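Heads up: the protein sequence lines correspond to chains A and B, in order. Numbers given in our numbering equal positions in the first sequence, counted from 1, plus 35. Numbers given in our numbering equal positions in the second sequence, counted from 1, plus 35. Heads up, the beta-carbon is just placed ideally off N, CA and C, and yes, glycines get one too. On a predicted model such as this, the values are computed, not experimentally measured, just so you know. Heads up: the structure comes next, in structure tokens.
Protein chains: 2
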Amino acid sequence: MCDTCGCHISDDTSSKIVEVHQSLLAANQEQADKNREHIEAMGAVAINLISSPGSGKTTLLEHTLDRIGRNMRIGVIEGDIETERDADRIRKKGVPVVQLTTGGACHLDAPLVHKGLHALEHQSEDGKFDLVFIENVGNLVCPATFDLGEHERIILVSVPEGSDKPAKYPTTFHGANTFMITKTDLLSYFDFSVEEAKNEALRLNPDLRIMEVGAPAGLGMDQWISYLEELVAAH
Amino acid sequence: MCDTCGCHISDDTSSKIVEVHQSLLAANQEQADKNREHIEAMGAVAINLISSPGSGKTTLLEHTLDRIGRNMRIGVIEGDIETERDADRIRKKGVPVVQLTTGGACHLDAPLVHKGLHALEHQSEDGKFDLVFIENVGNLVCPATFDLGEHERIILVSVPEGSDKPAKYPTTFHGANTFMITKTDLLSYFDFSVEEAKNEALRLNPDLRIMEVGAPAGLGMDQWISYLEELVAAH
Chain A
36 MCDTCGCHIS DDTSSKIVEV HQSLLAANQE QADKNREHIE AMGAVAINLI SSPGSGKTTL
96 LEHTLDRIGR NMRIGVIEGD IETERDADRI RKKGVPVVQL TTGGACHLDA PLVHKGLHAL
156 EHQSEDGKFD LVFIENVGNL VCPATFDLGE HERIILVSVP EGSDKPAKYP TTFHGANTFM
216 ITKTDLLSYF DFSVEEAKNE ALRLNPDLRI MEVGAPAGLG MDQWISYLEE LVAAH
Chain B
36 MCDTCGCHIS DDTSSKIVEV HQSLLAANQE QADKNREHIE AMGAVAINLI SSPGSGKTTL
96 LEHTLDRIGR NMRIGVIEGD IETERDADRI RKKGVPVVQL TTGGACHLDA PLVHKGLHAL
156 EHQSEDGKFD LVFIENVGNL VCPATFDLGE HERIILVSVP EGSDKPAKYP TTFHGANTFM
216 ITKTDLLSYF DFSVEEAKNE ALRLNPDLRI MEVGAPAGLG MDQWISYLEE LVAAH
């Protein structure tokens with residue numbers, strides 16, 4: 036029926052894609068390593084939060100800042116495609132915050148975060164922080180390939196999204212330190228198996244730390260705050 | 036503090052990225068136009084479903100097939116990064132289904148869908164269909180740039196994700212025909228403003244048709260099924 040649909044990407048384009056992708060990732064890695072040194076010179080440990088849109092990254096940060104925003108020097112870098120909405124929400128908590136907009140790209144990259152770090156420093160008297168949160172663009176795929184210079188990478192999946200998500204988005208779990216199941220206060224309304232989600236995530240990455248949080252209801256927040264305090268103390 | 040972090044993408048890499056991206060999109064558009072002819076030769080109209088992971092695309096399809104899977108000749112192309120899970124769910128409904136796995140890519144493209152169309156035809160005696168659903172990879176960003184040859188493009192946002200999503204992911208809404216709010220049976224549990232979501236979506240694209248659906252509870256399903264019947268009748 037369809038002898039004429041033989042449109043394919045040419046070998047030439049294909050090899051150019053590989054070449055460009057490799058240069059991009061190499062440049063990103065070089066900057067990410069410098070970002071890590073930069074963050075350490077600021078006295079801080081940095082956490083990269085990755086999830087689908089609406090999994091509760093900003094809500095987690097709001098409730099975290101309510102609990103420890105006055106005891107620790109916390110800075111937040113917000114990544115979005117457009118709008119200042121997330122930064123506006125965090126700004127109300129009274130901590131330094133920088134909004135980075137990617138203008139279309141589905142992930143933050145290290146050069147952009149480098150600019151964010153400088154902007155964050157300008158909001159602090161001595162440029163020193165204990166903890167820097169980097170909230171990535173809402174996307175469960177693209178951010179996985181781009182090291183931003185963070186020390187810890189947390190993948191969030193919310194209960195309404197379904198417990199099949201680790202198996203369906205494996206790459207994202209390979210490079211993470213922690214898998215956080217969010218909105219656990221909604222478990223009774225959804226067909227979500229905590230067991231399935233945990234097992235699949237650990238099959239992909241046996242070293243993952245696993246947390247379960249329902250931030251607005253306070254579920255699992257004590258464990259989360261202890262983890263942050265230990266992380267800061269260890270650096 | 037950070038005079039040495041001057042790592043940037045070189046102008047040479049930058050211009051290669053633009054060049055490669057343009058060739059890719061041109062090749063995709065050429066194939067998408069052929070796919071559209073191909074789908075019409077199959078007698079069908081095709082719908083491209085785009086959303087974040089876990090917004091309810093597969094669940095919507097399951098309930099749609101329960102209602103009209105026996106009255107219409109429906110084929111389903113499932114797009115995922117890995118796993119056959121979604122195709123397995125749809126296969127139980129007794130309709131032809133093809134699983135496409137992208138092996139890492141965050142969206143389907145027209146050359147891959149072309150292969151899917153041929154595989155779908157082989158599951159039908161005469162290669163004819165009324166309706167072809169293409170369920171894209173769960174992602175609210177990447178699929179927006181890739182025409183697959185569909186006739187209608189539907190963007191789904193579920194109530195648990197939040198009503199700020201149209202404003203935060205504008206590109207995705209520009210190219211759509213329909214904006215569907217899903218999981219509306221959960222409205223009383225979430226701080227989701229249907230009004231805000233609708234207004235923001237219409238501000239981005241005034242021609243959008245808007246639907247509200249809670250598929251498992253049957254909410255809005257009559258309107259959805261009528262829309263599909265009219266779509267098929269008009270082609």
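Which word fits residue i, buried or exposed, when buried means at least 16 other C-beta atoms lie within 10 angstroms of its C-beta?
i, result
"R188/B", "buried"
"Q258/A", "exposed"
"V192/B", "buried"
"V55/B", "buried"
"D199/A", "buried"
"E196/B", "buried"
"G89/A", "buried"
"G41/B", "With a pLDDT of only 37 at G41/B, under 50, the local geometry of the prediction cannot be trusted, and the value read off the model is given with reservation. G41/B should be labelled exposed."
"A236/A", "buried"
"D101/B", "exposed"
"H73/B", "buried"
"D226/A", "exposed"
"E265/A", "exposed"
Roughly how far, in whole angstroms, is the beta-carbon of residue i from the beta-carbon of residue j, given that I think they are within contact range, below 8 Å?
i, j, result
"G173/A", "I112/A", "The pair is not a contact, with the Cβ atoms about 15 Å apart (cut-off 8 Å)."
"T94/A", "P251/A", "7 Å"
"N204/A", "L175/A", "According to the sequence provided, residue 204/A is Tyr. The question's Asn does not apply to it. About 5 Å; that satisfies the 8 Å criterion."
"A211/A", "L243/A", "6 Å"
Find out if the Cβ-Cβ distance for the pair residue i, residue j is shorter than 9 Å.
i, j, result
"S159/A", "R108/A", "yes"
"G110/B", "V167/B", "yes"
"A79/B", "F164/B", "yes"
"A202/B", "R120/A", "yes"
"I103/B", "I260/B", "yes"
"N234/B", "F214/B", "no"
"E117/A", "T136/A", "yes"
"G255/A", "M246/A", "yes"
"N171/B", "H153/B", "no"
"E179/B", "T217/B", "In the sequence as presented, Glu is not what sits at residue 179/B; that position holds Ala. Against a cut-off of 9 Å, the Cβ pair of T217/B and A179/B comes out as no contact."
"V194/A", "L221/A", "yes"
"G114/A", "I169/A", "yes"
In this structure, does DSSP put residue i in helix, strand or coil?
i, result
"D161/B", "coil"
"L60/A", "helix"
"I116/A", "coil"
"A140/B", "coil"
"G41/B", "Because G41/B carries a pLDDT of 37, less than 50, the predicted location of this residue cannot be relied on, and no value is offered for it."
"M36/A", "For M36/A, the predicted model reports a pLDDT of 33, less than 50, meaning its position is unreliable; a value from the coordinates is still stated below. Looking at M36/A - three-state DSSP - the assignment turns out to be coil, as it is neither helix nor strand."
"G208/B", "One point to set straight first is that residue 208/B is Phe, not Gly, in the sequence displayed. Three-state DSSP puts F208/B in a helix."
"E187/A", "strand"
"L70/A", "A small fix is needed here, since residue 70/A is Asn in this sequence, not Leu. Helix."
"R102/A", "helix"
"A81/A", "strand"
"E197/A", "Residue 197/A is actually Gly in this sequence, not Glu. Coil, per DSSP."
"R108/B", "coil"
"G151/A", "helix"
"V55/B", "helix"
"V192/B", "strand"
"V130/B", "coil"
Kindly list, in the order they appear in chain A, the residues whose Cβ is closer than 8 Å to that of residue i.
i, result
"L221/B", "P195, Y224"
"T217/B", "What T217/B touches in chain A: nothing, since even the nearest Cβ is about 10 Å away."
Output, in chain order, the set of chain A residues within a Cβ distance shorter than 7 Å of residue i.
i, result
"T99/B", "In chain order: nothing, as chain A lies at least about 18 Å away."
"K92/B", "Per Cβ cutoff of 7 Å: no residues; K92/B is ~11 Å from chain A at best."
Can you pull the chain B residues whose beta carbon is under 8 Å from the beta carbon of residue i, in chain order?
i, result
"I52/A", "V55, L59"
"E230/A", "Under the 8 Å cutoff, chain B gives no residues; its nearest Cβ is about 17 Å from E230/A."
"D257/A", "By Cβ distance, chain B contributes nothing, its closest Cβ being about 24 Å from D257/A, past 8 Å."
Who are the neighbours of residue i on chain B, taking C-beta pairs under 9 Å?
i, result
"N174/A", "S87, C141, N174, L175, V176, C177"
"R4/A", "Only positions 36 to 270 of chain A appear in this structure, which leaves residue 4/A out of reach."
Since residue i meets chain A, which of its residues come closer than 9 Å, beta carbon to beta carbon?
i, result
"I190/B", "None at all; the shortest Cβ gap to chain A is about 12 Å."
"A202/B", "E117, T118, R120"
List, in chain order, every chain B residue whose beta-carbon is nearer than 7 Å to that of residue i.
i, result
"T206/A", "G139"
"D199/A", "R120"
With hydrogens ignored, establish whether the beta-carbon of residue i is closer than 8 Å to any heavy atom of the ligand ZN.
i, result
"K150/A", "The model depicted lacks the ligand ZN and carries no ligand whatsoever."
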